[in-house]
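A.B. asks: The sequence shown lines up with residues 1 to 136 when you count with this note's numbering. Got a structure for you, written out below as structure tokens; questions coming shortly.
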Amino acid sequence: MTDFEWKPEYALGHFQIDDEHRKLFRLANKMLLISSARATDQDIRAAIKTLSDYTKIHFRNEENLMKSINYPKLEEHRAAHERIIDQINRFMDIGSSPQRQVELLKETINNWISEHTTAQDLEVARFIANRRSAKV
Ligand SMILES: [Fe+2]
Ligand SMILES: [Fe+2]
């Protein structure tokens with residue numbers, strides 16, 4: 001059962017961001033699959049760590065991209081990333097079972113898709129598209 005289904009409306013029209021988002025979906029699904037497959041705690045923790053590490057890489061890449069184009073809402077966007085990272089770190093710290101951590105992360109990712117990816121990330125992609133069309 002894969003819970004994070006990629007939908008065409010998630011594509012924001014920016015190749016790198018979309019590619020990284022698709023990878024995040026794949027890693028999130030892998031984490032869910034592993035946690036429902038009676039894997040060892042160690043395997044589940046490894047899948048959580050892979051997802052959390054890639055999340056940090058993706059956020060950094062997005063922030064660098066925003067910086068390179070003088071994106072006006074960079075600080076606001078960065079703060080939203082920080083909040084997501086803090087939440088993930090807190091879940092990984094609380095010492096509860098990895099299955100419970102996966103449940104908490106699932107909720108965070110759902111909110112992240114609905115409140116951040118399809119809103120703040122979309123704004124960045126639109127800003128880049130407008131900038132491009134203004135140049136030609
Ligand atoms: Fe993103
Ligand atoms: Fe973002």
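C-beta atoms are modelled at their ideal positions from N, C-alpha and C, and glycine is treated no differently.
Since histidine 21 contacts threonine 117 with CB under 8 angstroms, what's their CB separation in whole angstroms?
C.D. replies: Cβ atoms of histidine 21 and threonine 117 come within 8 angstroms of each other, at about 6 angstroms.
A.B. asks: Taking the alpha carbon of tyrosine 54 as the point to measure from, which residue in Ser96, Glu9, Ala28 has its own alpha carbon closest?
C.D. replies: Nearest of Ser96, Glu9, Ala28 to tyrosine 54, Cα basis: Ala28.
A.B. asks: Output needed for glycine 13: all residues of its chain with C-beta closer than 7 angstroms, excluding positions within five of it in sequence on either side, in chain order.
C.D. replies: Ala125, Ala129
A.B. asks: Please find out if some non-hydrogen atom of ligand 2 comes closer than 8 angstroms to the beta-carbon of histidine 14.
C.D. replies: At a cut-off of 8 angstroms, the beta-carbon of histidine 14 does not count as near ligand 2: no heavy atom of the ligand is closer than that.
A.B. asks: By how many angstroms is the C-alpha of alanine 11 removed from the C-alpha of isoleucine 84?
C.D. replies: So the alpha carbons of these two residues sit roughly 21 angstroms apart.
A.B. asks: Looking at threonine 117 and ligand 1, is the gap between the Cβ and the nearest heavy atom below 8 angstroms?
C.D. replies: Checking every heavy atom of ligand 1 against the Cβ of threonine 117, one is found closer than 8 angstroms.
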